[in-house]
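*Asks:* Throughout the sequence shown, residue numbering follows this note's numbering, covering 2 to 604 in sequence.
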Amino acid sequence: MTSHLLSDDQVQQVFELLAEHVPLGIVVLDCDFRLLFINQRHAELNRLPLDAQLGKTLREYLPHVADAIEPKLQFVAEYACPLIHQRIKGRHPRFDGVLVHRLASYYPLLDEQGKTRLILGVIQDASVDDFEATLRQESEERLLRVLDNLFAFVGVLELDGTLLHANRAPLEAAGIQPADVEGKKFWDCYWWSYSAEVQEQLRQAVARCTKGEVSRYDVAVRMRDGMLMWIEFMLAPLRDEYGRITHLIPSGIDISKRHESEQALHRSEEHLRSVIESSDDAIITKSLDGRVTSWNPAAERLLGYTAEDMLGKPITTIFPSELLAEENALMRRISQGERIPGFETRRIHRSGHVLDVSVTISPLRDSLGQVVGACKLARDVSYQKQQMHMLEQALEEKTTLLHEVHHRVKNNLQIVSSLLNLQARKASPEVAAVLAESQGRIKAMALIHQLLYESHHMSEVNLNDFLKNLIALSAPLYATEKKGIRLQLNPDNDTGISLHVQQMIPCGLVMNELILNAIKHAFPAGSSGLITVSALRSGSRIVISVQDDGKGLPDGFNWQAQQGLGSQLIPMFVRQLHGQLSHESSAAGTLVSVMLAQEGGLS
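#1: Rounded to a whole number of angstroms, what is the C-alpha to C-alpha distance between residue 148 and residue 169?
#2: When DSSP labels each residue in this structure, what does residue 83 get in the three-state scheme?
#3: Could you tell me the distance, in whole angstroms, from the CA atom of residue 212 to the CA atom of residue 237?
#4: Looking at the secondary structure, which residues open and close the alpha helix (DSSP H) in which residue 513 lies?
#5: Going by DSSP, which residues form a beta bridge with residue 254?
#6: According to DSSP, is residue 605 helix, strand or coil?
#7: Which parts of the region 28-57 are runs of the beta strand (DSSP E), unbroken and 3 residues or longer, counting only runs that do not cross its ends?
#8: Do residue 343 and residue 360 come within 8 Å of each other at the CB atom, strictly closer than that value?
#9: Between which residues of its own chain and residue 502 is the CB-CB distance below 6 Å, once the five residues before and five after are set aside?
#10: Does DSSP put residue 272 in a helix, a strand or coil?
#11: How many Å lie between residue 474 and residue 381 at the Cα?
#12: Counting only runs of 4+ residues fully inside the region 292-339, write out the alpha helix (DSSP H) ranges in chain order.
#13: Provide the residue(s) that pair with residue 376 in DSSP beta bridges, ordered along the chain.
#14: Pull up the DSSP beta-bridge partners for residue 156, would you.
#15: Taking C-beta to C-beta, are residue 89 and residue 67 nearer than 8 Å?
#16: For the alpha helix (DSSP H) containing residue 211, list its first residue and its last residue.
#17: Going by DSSP in three states, residue 345 sits in which element: helix, strand or coil?
#18: Looking at the unbroken beta strand (DSSP E) that takes in residue 537, where does it start and where does it end?
#19: Between the alpha carbons of residue 544 and residue 492, how many angstroms are there, rounded?
#20: Evaluate residue 48 with the Cβ neighbour count: other Cβ atoms within 10 Å of its Cβ, from every protein chain shown; 16 or more gives buried, anything less gives exposed.
#21: In the DSSP output, which residue or residues are listed as bridge partners for residue 108?
#22: By Cβ distance below 6 Å, which residues in the same chain neighbour residue 260 in space, the five residues on each side in sequence not counted?
#23: Cβ of residue 25 within 8 Å of Cβ of residue 125?
#24: Please look up how many angstroms separate the CB atoms of residue 582 and residue 504, rounded, as I've assumed it's under 8 Å.
#25: Which whole-angstrom value describes the C-beta separation of residue 375 and residue 349, a residue pair presumed to lie in contact below a C-beta threshold of 8 Å?
#26: What would DSSP say about residue 584, mapped onto helix, strand or coil?
#27: Rounded to whole angstroms, what is the Cα-Cα separation between residue 462 and residue 595?
#28: Which term fits residue 17, buried or exposed, when burial requires 16 or more other beta carbons within 10 angstroms of its beta carbon?
#29: I believe residue 254 touches residue 157 by the beta-carbon criterion, under 8 Å. Please report the beta-carbon distance rounded to the nearest angstrom.
#30: Measuring alpha carbon to alpha carbon, tell me which residue in 204, 568, 303 and 197 is nearest residue 159.
#31: Quick check on residue 499: buried or exposed, where buried means 16 or more other Cβ atoms within 10 Å of its Cβ?
#32: Counting only the same chain and skipping the five closest in sequence on each side, list residues whose C-beta sits under 7 Å from that of residue 297.
#33: To which residues of the same chain is residue 174 closer than 6 Å at the C-beta, ignoring the five residues directly before and after it?
#34: What residues are listed by DSSP as bridge partners for residue 239?
#35: Nearest to residue 355 by CA position, among 51, 195, 320 and 189, is which residue?
#36: Identify which residue in 552, 556, 347 and 44 has its Cα closest to the Cα of residue 386.
What follows is the structure, given as structure tokens:
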């Protein structure tokens, strides 16, 4: 009997642990030889799943050995005596009929009256013992065959570093024979002897390995024709069943492609680092929680803090207090993978003064594409902002000056017009008419300067606005109402046409002359009529026109043959505009058009 102070539950736990971990088959049967418990090891010995055995009688789940075992179990059950080391043989159908050997011990588990209640069986596979000697004999040869067929480099060393065996792969790769290296110190072999430094590294690894330390490192070994190949090298101790180190096992796998990729990556990283270090822009990276992870020299020049000052520190160190909320908003966008293009903001220099900076922010991702941080590019725009402010001031001053110039030109032209008006009062009707025409031309030019003065664009005039004002000026000037002549603007005019001032002056004078000609010549004395002024787009061109419903032009009309001042001015100004002058006339009226290219200040 075994003495213990364990509870039933603890005893149960001990039994279950033993059944699970000991290398023996363990079963519990009742006195009808029905299986109540079986551990995994015995299930494997029987080559049957657990559920195919539990609850079944011995004859049901092991019929091939039932005749041999049942008498032994009957003895234990009847006499409550154990049977130790019982050899059992049988041809197991799941072993292709091969004769299997088992060594079994059966113990009675007694009830309170001392009678056998259950039977505990402990079974060992004795077949292993029968084959053990053969396996030992073949194991070394099999191991060597396996090693020779491995693509990896594998060998066996004595504890002093002498090479006992190398598999075929490293020999063939180096173009050497086993006799060239076996029996030599490993570091003196062909693979390593190209470099004293590499040999010393290997010698030290051997020394450490004899003390139980595993060495692992990347190294270049010499192959055929002196070519170097990178391998991942490992040197590990080989121990016997007592834990004693008996040999050393070197091994290596070809990592040339990986090494090449790593070298390319290293070169790329060095190139990128060089670019970052030499950049004139501050380049700062940070984690998603706002901690600085890199800080290039330009950032130090811009903000006054060194990398040592800032690495690991919150990026908000350089933020004005009123912009702290800006950082939180930006990081929310960055964490969602959004790139934030350049924007202007402010940052604090180490000295305390505030800088105007332009910042661009991009998300940083890991190898899985997850956003892990942000990269900021910043540059000082204080000088640019100062220059911009100066330009804005200069532009404002220039605009004011231009307004004043246009205002004064307009006023001077109005003075000239007023003088002509005074002169006309004292002149004969013929002279007064000529003076009125001159007034019209002057007022047309004054109108252009007035519109420029009133416009936000100091170099352009809206054509429709000009024509509307020109009609308003022409009606009283030429007494059209008295003559029964009505002037109107085409309601379908394109209101988006603007002309540069250099085009607007000749264009305005042309339109003034066309309106004046229509008033003077289109209608017989005493008859009324309508004059329509238009400005329209035609494809890529602009067409300005004056149309009347008068008597029409005389047959064979030719601009060049006309003697009037207006008829001479119109072709001259059209040529100045690089335009095309055309006319259509009938008894129903006349249409005179000027076609302009859409360029030179048009919008």
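Note that CB positions come from ideal geometry on N, CA and C, so glycine has one too. Since this is a predicted model, take the numbers as computed values, not measurements.
*Replies:* The answer reads as follows:
#1: Any reading at residue 148 must be qualified, since the residue scores a pLDDT of 49, below 50, and its modelled position is unreliable; no value is offered.
#2: Coil.
#3: 10 Å
#4: 502-522
#5: Paired residues: 233.
#6: An answer regarding residue 605 cannot be provided, because it is not within the stretch 2 to 604 covered by the chain.
#7: You should have 36-39.
#8: yes
#9: 460
#10: helix
#11: 55 Å
#12: 298-304, 308-311 and 325-336
#13: 286 and 363
#14: 167
#15: No, these two residues do not count as a Cβ contact at 8 Å.
#16: Run containing residue 211: none; DSSP gives neither H nor E here.
#17: strand
#18: 530-539
#19: 15 Å
#20: exposed
#21: 121
#22: 231
#23: yes
#24: Contact flag wrong, Cβ pair sits at about 15 Å.
#25: About 19 Å; that fails the 8 Å criterion.
#26: strand
#27: 18 Å
#28: exposed
#29: Contact annotation, residue 254 with residue 157: C-beta distance approximately 17 Å; criterion of less than 8 Å not satisfied.
#30: 204
#31: buried
#32: Within the same chain, Cβ atoms closer than 7 Å to the Cβ of residue 297 are found at 277, 278, 280, 283 and 284, the five residues on either side in sequence being excluded.
#33: 224
#34: 248
#35: 320
#36: 347
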